[in-house]
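By the numbering used here, the letter at position 301 of the sequence shown is numbered 304, and the numbering carries on one by one without gaps.
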Amino acid sequence: MSAANRIDVRPIVPGDFAAIDRLMERVWFARRSAAGFDWLCHRNPGQSGLPAGWVAEDRDGIVRAFLGNFVQRGWYQGEANLIASGYNFVSDADQGGRAVNVLRACLKQDSIALVHTLTANPFSGRLHTAMRLTPYPETGTLKLDWMTQPVVAAIGAISWRAHGLAGEKFIRRIPDLPRRVPDVNAWLAEAGGDVLRIAHPETDARLASFDLELRAGARLFAERSPAALQWRLSDPDDPVPPVLVAYPATGAIRGLALFQFNKPSEAEPPYLDVMDLVSLDPEDSTAVQALIKAGLMLARRSGAARLRLSMVSPGLLRLLGPYADQARKTVSTFSHAFYKPKATTFTCTGETWQPLPYDGDNGPCLRAWRVR
Numbered sequence: 004m005s006a007a008n009r010i011d012v013r014p015i016v017p018g019d020f021a022a023i024d025r026l027m028e029r030v031w032f033a034r035r036s037a038a039g040f041d042w043l044c045h046r047n048p049g050q051s052g053l054p055a056g057w058v059a060e061d062r063d064g065i066v067r068a069f070l071g072n073f074v075q076r077g078w079y080q081g082e083a084n085l086i087a088s089g090y091n092f093v094s095d096a097d098q099g100g101r102a103v104n105v106l107r108a109c110l111k112q113d114s115i116a117l118v119h120t121l122t123a124n125p126f127s128g129r130l131h132t133a134m135r136l137t138p139y140p141e142t143g144t145l146k147l148d149w150m151t152q153p154v155v156a157a158i159g160a161i162s163w164r165a166h167g168l169a170g171e172k173f174i175r176r177i178p179d180l181p182r183r184v185p186d187v188n189a190w191l192a193e194a195g196g197d198v199l200r201i202a203h204p205e206t207d208a209r210l211a212s213f214d215l216e217l218r219a220g221a222r223l224f225a226e227r228s229p230a231a232l233q234w235r236l237s238d239p240d241d242p243v244p245p246v247l248v249a250y251p252a253t254g255a256i257r258g259l260a261l262f263q264f265n266k267p268s269e270a271e272p273p274y275l276d277v278m279d280l281v282s283l284d285p286e287d288s289t290a291v292q293a294l295i296k297a298g299l300m301l302a303r304r305s306g307a308a309r310l311r312l313s314m315v316s317p318g319l320l321r322l323l324g325p326y327a328d329q330a331r332k333t334v335s336t337f338s339h340a341f342y343k344p345k346a347t348t349f350t351c352t353g354e355t356w357q358p359l360p361y362d363g364d365n366g367p368c369l370r371a372w373r374v375r
C-alpha cells in the first residue's frame with residue numbers, strides 16, 4: 004500500500020503517550036504521567052480488553068489526532084452490556100479528516116452495546132450531529148452549578164478575562180498555585196447529616212449490595228462495584244482522591260454520590276464536580292438531597308468556587324427539588340450527550356438510560372488540584 008493510501012488510524016500503544024500528552028497540553032486537557040496513563044488505559048476493570056483509544060498518524064508517522072475509549076460494564080435488568088465513552092477527542096488544527104477517522108473507529112466497535120460521548124464543544128457537537136449520532140433529549144443541554152465561594156469565583160472570572168485579553172497565552176505562564184489538602188473526614192464529621200464517606204470501596208459490603216440492586220433494575224447503569232469504584236479513587240496523578248459518600252450512614256445504602264476536586268486550567272478557579280448522584284429508588288428525593296447537601300458543604304469548606312453538575316436527567320432534576328431552584332442553570336447549544344445504541348437487548352430511551360458524569364470520561368480526565 005502506498006504512503007498516500009495507507010490506513011493511518013490504529014489503537015494506541017504505550018509509545019504514543021508522549022505524543023498524546025502533547026495534544027492534551029495544546030488544548031489545556033489534563034496531562035498524565037506514565038503511571039497515570041497506565042492507570043487509565045490498562046487498569047480500568049471495565050475495559051474488557053478493548054482498545055483504550057485510537058490515534059491517527061500523518062505520513063511521517065507523527066500522531067496528529069487522538070480519541071480515548073473509556074469502557075465500562077453496564078447493567079440492565081441483570082444483564083451485562085459493554086458501554087464505551089469517547090473522550091479527549093483532539094487533533095491538530097489542520098487534521099479534521101483524521102479526527103473524523105478516529106471517531107469512526109470508536110463507533111465501529113462490534114462488542115459495544117452503547118457508544119457515547121458526554122461532552123460536546125461547538126466543533127465536536129456539529130461533527131457528532133453530522134455523523135448521525137443521537138443527542139440525548141430534554142435536559143441533555145443543561146448544566147447546574149451552585150456558587151460556594153463568590154470571591155474565588157470572581158478572581159477566576161478576572162483571570163479568565165485577562166487570559167482572553169492577553170491572546171490566550173500570557174495567563175498560562177502564571178503558576179498554578181497549590182492549595183491545602185481538603186480535610187474531608189473532619190468536615191463531614193462536623194457537619195453531621197446521615198451520610199458516610201467510603202474511603203475503601205473494595206472492603207465495603209454495603210456498597211456491593213447497592214451495586215447488585217442497581218444491576219437488577221430497569222435502568223441502564225454503569226457498574227458501581229467495589230472494584231470499579233476502588234479504581235476510580237486510585238488515580239496516581241490525583242493527590243486529592245474523589246470523595247465517595249453514601250446515604251444513609253448505617254444500614255442499606257439508598258443513595259451514592261462521588262465528588263471530585265478539579266481545576267480545569269491555570270486561568271480558572273478550583274471546582275468540586277458531582278461525578279455521581281444516584282439512588283436505588285428513582286423517587287428517593289431524600290437520599291439525593293442529603294448527598295447534594297454534603298457536596299455543597301465540601302465545596303464551601305475546601306474553597307472551591309462552585310459545586311458543578313454537568314449532566315442532568317429529567318428525573319434527577321426533579322429529585323433535587325429546592326436545590327435545583329437554587330442552582331445557576333446553563334444551557335448549551337449542543338447536547339452534552341451524543342450516543343449510538345448498538346444492542347438488541349434494550350432500547351436506549353430517556354427512561355432506560357439517564358446519563359451522569361460517571362458514565363463518561365469526566366472523572367478520569369479532570370485536571371487535578373495542585374496541593375501543598
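Glycine residues also receive a C-beta, built at the ideal position from the N, C-alpha and C atoms.
Straight-line measurement puts the Cα of A230 at about 26 angstroms from the Cα of D287.
Look at T120 here: in three-state DSSP terms it is strand. Of the residues D276, P125, P367, S335, the one whose Cα lies closest to the Cα of Q233 is P367. Taken in chain order, the unbroken stretches of beta strand (DSSP E) that lie wholly in the region 207-269 and span 3 residues or more are 246-250, 258-265.
Collapsing the DSSP output to three states places W190 in a helix.
When beta bridges are read from the DSSP output, A87 appears opposite V74, V118.
For P138, the pairing in a beta bridge is given by DSSP as F341. About 7 angstroms separates the beta carbon of E226 from that of D214, a gap short enough to meet the 8 angstroms contact definition.
Here the C-alpha atom of G196 lies approximately 12 angstroms from the C-alpha atom of T253.
Per DSSP, S316 lies in no beta strand (DSSP E) and is assigned neither H nor E. For the pair S88 and D11, the Cα-to-Cα distance works out to about 22 angstroms.
Counting along the chain, no beta strand (DSSP E) covers R34, and no H or E run does either. K343 and R222 have their C-alpha atoms some 17 angstroms from each other. Inclusion of A219 and G81 in the CB contact set at 7 angstroms is warranted, their separation being smaller than that value. No residue range can be given for R370, since it is assigned to no beta strand (DSSP E) and is classified by DSSP as neither H nor E. Annotation: L85 to S228 spans about 15 angstroms, alpha carbon to alpha carbon.
Residues V184, P185, F264, A371, W372, V374 of the same chain have their beta carbon placed closer than 8 angstroms to that of V243, with the five preceding and five following residues left out of the count. For V277 against P153, the beta-carbon gap comes to about 20 angstroms, at or over 8 angstroms, which does not count as contact.
Rounded to the nearest whole angstrom, the CA to CA distance from R62 to A22 is 15 angstroms.
For L26, the three-state secondary structure derived from DSSP is helix. In this structure the region 301-314 lies against the region 143-157, because at least three pairs of beta carbons, one per stretch, are closer than 8 angstroms. Taking a C-beta distance under 7 angstroms as the contact criterion, L110 and F92 do not qualify as a contact pair.
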